[in-house]
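Presented below is the structure to which this report refers.
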Amino acid sequence: MQLPVFTPLSLSHCLSFCLTETVMDTRTATAELGWISFPANGWEEVSGYDENLNTIRTYQVCNVFEPSQNNWLLTTYIDRRAAQRIYVEIRFTVRDCASIPSVLGSCKETFNLYYLETDRTVSESIKGVEYWANAPFLKVDTIAADESFSQVDFGGRLMKVNTEVRSFGPLSKGKGFHLAFQDLGACMSLLAVRVFYKKCPSIVQNFAYFPETLTGAESTSLVIARGSCIPNAEEVDVPIKLYCNGDGEWMVPIGSCSCKAGYEPDNGNVCRACPQGTFKSSQGAGLCQQCPLNSRSTIEAATLCGCRNGYYRGDMDKPEDICVPSAPRNVVSVVNQTSVQLEWHPPRETGHRGDLSYNVLCRRCHSNERRACQPCDDSVAFVPGKRGLKETRVEISKLRAHTSYTFDIQAINGVSNKSPYPAQQLSINITTNQAAPSVVPIMHQVSSTSRSFSLSWPPPEQPNGIILDYEIRYYDKSSLLNSSVVQSETPNVVLEGLRPGTGYVVQVRARTVAGYGAYSKEMLFQTLTDELGQQLSLIAGSLVGGVCIVSLVAIAIICSRPDMFSGPTPTVTFPTLSEGHSSPGVKIYIDPFTYEDPNEAVREFAKEIDPSCVKIEEVIGSGEFGEVYKGRLKPVGKKEIPVAIKTLKVGYSERQRRDFLSEASIMGQFDQPNIIRLEGVVTKSRPTMIITEFMENGALDSFLRQNDGQFPVIQLVGMLRGIASGMRYLAEMSYVHRDLAARNILVNSNLVCKVSDFGLSRYLEEDTSDPTYTSSLGGKIPVRWTAPEAIAYRKFTSASDVWSYGIVTWEVMSYGERPYWDMSNQDVINAIEQDFRLPAPMDCPVVLHQLMLDCWQKDRNARPKFPDIVSMLDKMIRNPASLKAGTNNVAPGPSHHPLLDRGAPDLSRVSSVEDWLAALKMTQYRDSFLGSGFTSLPLVTQITAEDLQRIGVSLAGHQKKILTSVQSMRHHADDQGVIQYEIF
0 MQLPVFTPLS
10 LSHCLSFCLT
20 ETVMDTRTAT
30 AELGWISFPA
40 NGWEEVSGYD
50 ENLNTIRTYQ
60 VCNVFEPSQN
70 NWLLTTYIDR
80 RAAQRIYVEI
90 RFTVRDCASI
100 PSVLGSCKET
110 FNLYYLETDR
120 TVSESIKGVE
130 YWANAPFLKV
140 DTIAADESFS
150 QVDFGGRLMK
160 VNTEVRSFGP
170 LSKGKGFHLA
180 FQDLGACMSL
190 LAVRVFYKKC
200 PSIVQNFAYF
210 PETLTGAEST
220 SLVIARGSCI
230 PNAEEVDVPI
240 KLYCNGDGEW
250 MVPIGSCSCK
260 AGYEPDNGNV
270 CRACPQGTFK
280 SSQGAGLCQQ
290 CPLNSRSTIE
300 AATLCGCRNG
310 YYRGDMDKPE
320 DICVPSAPRN
330 VVSVVNQTSV
340 QLEWHPPRET
350 GHRGDLSYNV
360 LCRRCHSNER
370 RACQPCDDSV
380 AFVPGKRGLK
390 ETRVEISKLR
400 AHTSYTFDIQ
410 AINGVSNKSP
420 YPAQQLSINI
430 TTNQAAPSVV
440 PIMHQVSSTS
450 RSFSLSWPPP
460 EQPNGIILDY
470 EIRYYDKSSL
480 LNSSVVQSET
490 PNVVLEGLRP
500 GTGYVVQVRA
510 RTVAGYGAYS
520 KEMLFQTLTD
530 ELGQQLSLIA
540 GSLVGGVCIV
550 SLVAIAIICS
560 RPDMFSGPTP
570 TVTFPTLSEG
580 HSSPGVKIYI
590 DPFTYEDPNE
600 AVREFAKEID
610 PSCVKIEEVI
620 GSGEFGEVYK
630 GRLKPVGKKE
640 IPVAIKTLKV
650 GYSERQRRDF
660 LSEASIMGQF
670 DQPNIIRLEG
680 VVTKSRPTMI
690 ITEFMENGAL
700 DSFLRQNDGQ
710 FPVIQLVGML
720 RGIASGMRYL
730 AEMSYVHRDL
740 AARNILVNSN
750 LVCKVSDFGL
760 SRYLEEDTSD
770 PTYTSSLGGK
780 IPVRWTAPEA
790 IAYRKFTSAS
800 DVWSYGIVTW
810 EVMSYGERPY
820 WDMSNQDVIN
830 AIEQDFRLPA
840 PMDCPVVLHQ
850 LMLDCWQKDR
860 NARPKFPDIV
870 SMLDKMIRNP
880 ASLKAGTNNV
890 APGPSHHPLL
900 DRGAPDLSRV
910 SSVEDWLAAL
920 KMTQYRDSFL
930 GSGFTSLPLV
940 TQITAEDLQR
950 IGVSLAGHQK
960 KILTSVQSMR
970 HHADDQGVIQ
980 YEIF
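Numbering (numbering that gives the first Met the number 0), first residue to last: 0 to 983.
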């Protein structure tokens with residue numbers, strides 16, 4: 000009797016184990032299974048459908064009307080894949096013997112399951128009667144149906160599907176096995192057979208990784224799995240292991256790992272690196288912490304936040320302790336004539352240290368840029384003292400009147416000895432009150448006759464107020480008792496009624512509201528004899544112009560024709576009354592490339608240094624020609640000084656050596672406090688070196704970015720004044736820099752700015768009154784700093800340097816911001832051509848932005864000269880109120896420019912804290928904000944200065960920029976109270 004395949008009525012079966020690996024499943028077969036049956040009229044393979052109408056291959060048997068049935072069905076070879084215990088899931092149906100009419104008594108409702116271990120497939124050729132009569136199979140179980148079918152409904156049979164699971168093992172005799180089904184007289188169908196084994200899944204537990212593990216040979220077996228720490232974790236207890244039970248479940252954990260120092264747990268199974276600005280000092284379950292005050296971490300996975308420059312920890316301090324000392328705060332000064340009282344607040348953070356004291360350093364500064372600030376005289380009195388102060392106040396007296404002073408208040412404690420500059424300090428600049436003007440430095444005789452002579456003089460170096468007038472005292476040198484006095488409101492005078500051929504001693508002094516200053520030193524001037532005076536009166540008018548013309552022509556010929564001389568090109572001077580030069584003439588710059596032998600220029604302008612006097616200490620950078628080092632120079636018989644050493648790399652060509660040393664030939668011609676000083680060169684040994692003074696604070700642009708917002712405006716103006724003074728000196732020497740930018744300005748420890756990097760500069764030949772150098776070499780031009788006529792026509796003048804100075808001024812007032820932001824060079828050129836100019840930086844005084852705009856005049860003749868710029872800055876310094884009134888937050892002029900919108904960062908709208916910080920260019924604080932709970936813009940609008948200090952925003956400039964933006968956001972809510980988050 001043939002049994003049809005029926006669609007099962009229902010299937011509801013849930014396995015209890017966690018993870019299985021199937022090695023055979025008949026439900027996925029798409030062709031004949033090809034199993035072996037014996038005898039031929041026993042099991043039969045047929046096609047049917049499962050409950051989802053998917054085609055399946057099944058085997059059925061129903062020889063219930065014949066006695067003594069022994070029908071075998073052998074599966075194909077099954078690879079056990081190293082499993083030691085196998086599970087078989089059988090889905091089948093069985094006919095109720097009672098429902099079959101005329102059935103013999105041998106009808107069964109059960110069948111047997113066997114297996115055979117082997118290394119290879121059992122060949123069909125040996126499947127004879129004898130083989131099956133003595134089948135070498137191991138019995139698994141006799142399987143009975145829980146439910147059999149017999150009911151007939153709706154003209155069709157409804158069968159009930161049984162699902163049984165059996166297991167067997169241990170398996171060890173072969174790589175695989177066969178399954179065998181034995182029918183002894185049942186009417187049944189094998190609907191599906193699935194063969195599988197159990198395993199414990201791979202898992203991360205206690206920060207250790209355990210691989211997939213097969214269960215043991217018995218259901219009660221426990222298989223040991225060795226674990227390994229996940230990346231960035233280390234062992235805590237060893238050994239690290241888990242047990243895999245027979246149901247594929249992990250149990251009994253032993254040992255564990257934990258995250259290394261520098262890594263924190265994330266979701267229990269990952270050790271995440273501490274982001275920049277945070278640290279984790281020890282292994283364990285702790286989280287990353289924000290860097291303590293005055294410290295920072297610039298790498299991920301930091302185990303310690305390094306102290307910022309000038310801050311330190313003690314040897315016994317913990318990593319979470321703040322770095323000290325912090326600077327004193329909020330210094331207040333009260334000036335009373337030539338005395339000053341200073342009071343200040345202690346540092347905001349002192350750490351756990353109680354050994355804080357204060358030093359007060361005094362420096363006297365001069366308006367003459369050729370002298371730096373000097374320590375105060377010993378006569379200055381400090382009460383209660385100037386070192387080791389425990390109180391936060393001091394009174395200083397016996398200062399000079401109308402003199403600028405800088406006082407540095409240093410915080411000192413037990414770790415200050417770790418630094419070569421052992422203090423964090425707060426500086427304040429003050430100017431004392433009433434005092435008479437300083438002495439007029441010199442007088443010049445402009446003209447002379449037999450009865451008179453004309454004199455002029457520069458103003459006092461320290462006018463100490465507005466000069467009301469001058470008093471001139473003079474007398475015949477042969478008659479010391481009869482002196483005469485005249486007044487003049489201008490710095491010049493004509494003394495008349497004098498005797499011919501007579502010498503007169505003359506002195507001058509200036510007067511302000513505070514009274515007269517001291518007389519200048521005595522100077523002797525001579526009237527002409529009558530005969531000589533008459534001759535000069537007749538011919539003076541005709542000769543003066545001719546002499547000037549001849550002089551100018553001679554200077555031009557000498558400067559442009561150095562080959563007229565057999566020796567090196569001479570230094571040419573001409574008379575001048577320019578302020579700031581004590582010599583009777585001004586030196587003219589000589590281009591070293593005009594020498595037939597450029598080495599001759601090096602020998603003339605640069606001093607050769609014995610290499611034994613030079614000590615190289617450390618690399619501080621690299622240049623076009625080689626490395627740049629910090630070192631020490633110890634000239635014979637002189638004090639050792641720190642220096643910067645540029646070296647020429649190995650394998651240079653002669654042209655490279657010439658170009659390298661040309662910068663020394665240029666620098667060696669300059670002697671001015673705001674120009675980098677050349678100490679000398681080493682050319683007679685290897686390596687070839689250029690040795691200059693060492694500037695402790697490096698390039699101005701990076702120095703400003705590191706100290707964003709830390710200086711008062713008047714101090715920035717002082718820096719700009721120094722740069723302008725250096726450029727005035729270069730202009731007076733007829734020298735054009737061509738690459739004036741903040742990156743080429745160096746800053747020393749006293750914040751004195753000095754012009755450097757003369758790689759792009761060239762000599763200016765005289766061309767009537769407008770000396771211009773025209774580049775015949777082309778080459779690269781720093782577009783963002785270069786005047787439009789220099790870009791378009793390669794014409795460089797002192798006026799183009801003035802344009803560059805305006806850009807430098809913008810860089811200084813914006814604390815090192817990149818000019819024109821992210822605009823391309825071509826966009827910058829187009830914008831300038833369309834009369835766009837950079838807006839005023841944040842909080843830039845109007846007078847300074849107007850100075851920038853004057854420097855950026857399209858007509859180069861309309862730009863100020865460097866002496867004019869120095870004079871303007873001097874007036875600002877003397878009148879600090881001009882730097883406070885009328886400050887800007889937004890530049891005057893058009894609010895949007897099409898080219899500006901393309902290049903500048905988009906600050907119009909933001910939608911998240913990350914976008915907002917990116918718009919402010921402060922993404923370094925992202926993790927600090929989010930980690931402190933400021934995760935949305937509404938929360939950010941509630942932030943305070945104390946919050947910023949707590950989360951690590953310590954720079955005053957950054958705090959101000961953030962709080963200004965927050966205030967703008969607060970004030971821009973719509974009618975429904977929705978904040979528009981516009982940043983200004």
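Ideal Cβ positions, reconstructed from N, Cα and C, are used throughout, including at glycine.
Everything numeric in this text was worked out from a predicted model, so none of it was measured.
Proximal residues to residue i (C-beta, below 8 angstroms), its chain only, five neighbours per side dropped
i: lysine 857; result: Pro787, Asp834
i: glycine 496; result: Arg450, Ser451
i: tyrosine 114; result: Ile85, Phe136, Leu137, Val139, Phe167, Phe176, His177, Leu178, Ala179
Beta-bridge pairing of residue i - partner residues as DSSP gives them
i: glycine 932; result: Answer is none; glycine 932 lacks a bridge partner.
i: threonine 109; result: Ala143
i: asparagine 244; result: In the DSSP output, where bridge partners are listed per residue, asparagine 244 has none listed.
i: methionine 187; result: Val60, Val93
i: isoleucine 690; result: Ile644, Gly679
i: glutamine 204; result: Ala207
i: isoleucine 395; result: Val339, Phe381
i: tryptophan 249; result: Cys243
i: valine 87; result: Arg165, Val194
i: aspartate 24; result: Arg193
i: phenylalanine 148; result: Arg94
i: arginine 271; result: Glu263
i: proline 374; result: Arg362
Supposed close pair residue i, residue j - CB separation, criterion 8 angstroms
i: proline 436; j: proline 457; result: Not really, about 12 angstroms apart at Cβ, beyond 8 angstroms.
i: asparagine 358; j: isoleucine 411; result: 6 angstroms
i: valine 613; j: isoleucine 690; result: 7 angstroms
i: glutamate 470; j: arginine 498; result: Contact flag wrong, Cβ pair sits at about 22 angstroms.
i: valine 811; j: leucine 719; result: 6 angstroms
Cβ neighbours of residue i in the same chain (closer than 7 angstroms, five flanking residues each side left out)
i: tryptophan 855; result: Trp802, Gly805, Arg836
i: glutamate 116; result: Leu170, Lys172, Gly173, Phe176
i: glycine 566; result: Residue placement at glycine 566 is poorly supported in this model, since its pLDDT is 35, which falls under 50; the coordinates still yield a value, given next. The answer is none, since no qualifying residue turns up.
i: asparagine 696; result: Phe702, Val746, Asn747, Ser748
i: isoleucine 713; result: Asn428, Ile876, Pro879, Leu882
i: alanine 300; result: Gly261, Tyr262, Ala272, Cys273
i: glycine 516; result: Ala435, Pro436, Ser437, Val438, Pro459, Arg508, Ala509
Same chain, Cβ closer than 6 angstroms to residue i, neighbours up to 5 away in sequence not counted
i: valine 382; result: Glu394
i: glutamine 966; result: none
i: valine 251; result: Tyr242
i: alanine 643; result: Thr691, Phe693
i: lysine 385; result: Val359
### Query
How about the stretch 285 to 298 and the stretch 306 to 324: do they share at least three Cβ pairs that are nearer than 8 angstroms?
yes
### Query
At what residue ranges does the stretch 431 to 519 contain a whole run of the beta strand (DSSP E), taking only runs of 3 or more?
443 to 447, 452 to 455, 468 to 475, 482 to 487, 491 to 494, 502 to 511
### Task
May I have a chain-ordered list of the beta strand (DSSP E) segments no shorter than 3 residues that lie completely inside the stretch 701 to 761?
DSSP runs (the beta strand (DSSP E)) wholly in the stretch 701 to 761: 744 to 746, 752 to 754.
### Task
Would you be able to state if there are at least three C-beta pairs under 8 angstroms between the stretch 670 to 687 and the stretch 840 to 850?
Contact fails: fewer than three Cβ-Cβ distances are below 8 angstroms.
### Completely contained beta strand (DSSP E) runs for the stretch 604 to 646, where each covers 3 or more residues
As far as the stretch 604 to 646 is concerned, its whole beta strand (DSSP E) runs of at least 3 residues are 613 to 621, 626 to 632, 640 to 646.
### Cβ contact (3+ pairs, closer than 8 angstroms) linking the stretch 181 to 196 and the stretch 97 to 112
yes
### Query
So, do the stretch 190 to 210 and the stretch 16 to 32 have three or more beta carbon pairs nearer to each other than 8 angstroms?
yes
### Message
Does the contact criterion of 3 or more C-beta pairs under 8 angstroms hold for the stretch 65 to 82 versus the stretch 139 to 147?
### Response
Judged by Cβ distances under 8 angstroms, the stretch 65 to 82 makes no contact with the stretch 139 to 147, as fewer than three pairs qualify.
### Query
Any contact of the stretch 227 to 239 with the stretch 39 to 58, i.e. 3+ C-beta pairs under 8 angstroms?
no
### Query
Between the stretch 388 to 405 and the stretch 295 to 314, do at least 3 Cβ pairs fall closer than 8 angstroms?
no
### Query
Can we say the stretch 219 to 226 touches the stretch 104 to 111, given the rule of at least three CB pairs closer than 8 angstroms?
Touching, no.
### Query
How about the stretch 703 to 710 and the stretch 787 to 796: do they share at least three Cβ pairs that are nearer than 8 angstroms?
no
### Message
Under 8 angstroms, with one C-beta from each stretch per pair, do the stretch 72 to 92 and the stretch 205 to 212 reach the 3-pair mark?
### Response
no
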